[in-house]
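In the numbering used here, the protein residues as written are 363 to 481.
Okay, structure first, notes after.
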């Protein structure tokens, strides 16, 4: 009698542990995959594809208002799941992207009360 197949998140953990990834990366990827599955009403990722990935990432950017790096982290977790665990190649994902921080665009700095009054 064969043991039952491993659950998806256990398969994900095993695949991550075969790579030189940090334990924190494992925890983070598992959390993103869990959120993805719950977002799609507990559908198995095998039943989903680009459209569902795009919907999830767009939701993160628009409703969740996450940073670009957070959205990229979620995308990396999803691509890892599909590529390394489900053996499916995902490409051409076209989600609404989170906005990059606007470095260098600063508000003018006031020099005390006098500077504020002159504005």
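The C-beta atom is built at its ideal place from N, Cα and C for all residues, glycine as well.
field: Candidates 427, 440, 391 and 390: closest to residue 449 by CA position
entry: 440
task: Alpha carbon to alpha carbon, how far is residue 406 from residue 452? Give it in angstroms, no decimals.
output: 16 Å
query: residue 431 lies in the alpha helix (DSSP H); which residues open and close that run?
result: First-last of the alpha helix (DSSP H) with residue 431: 430–442.
- prompt: Is residue 400 buried or exposed, if buried means 16 or more other CB atoms sit within 10 Å of its CB?
  reply: exposed
query: Does the region 382–391 come within contact of the region 415–422, defined as at least 3 CB pairs closer than 8 Å?
result: no
query: Alpha carbon to alpha carbon, how far is residue 413 from residue 404?
result: When rounded, the distance between both Cα atoms is 16 Å.
message: Let's test the definition: count the other Cβ atoms within 10 Å of the Cβ of residue 430 and tell me whether it reaches 16, buried, or not, exposed.
response: exposed
- request: Could you check if residue 427 is buried or exposed, using at least 16 other CB atoms within 10 Å of its CB as the buried criterion?
  value: exposed
- request: Please report how far the alpha carbon of residue 457 lies from the alpha carbon of residue 402, in whole angstroms.
  value: 16 Å
- prompt: Do you know whose CA, among 435, 447, 442 and 444, lies nearest residue 459's CA?
  reply: 435
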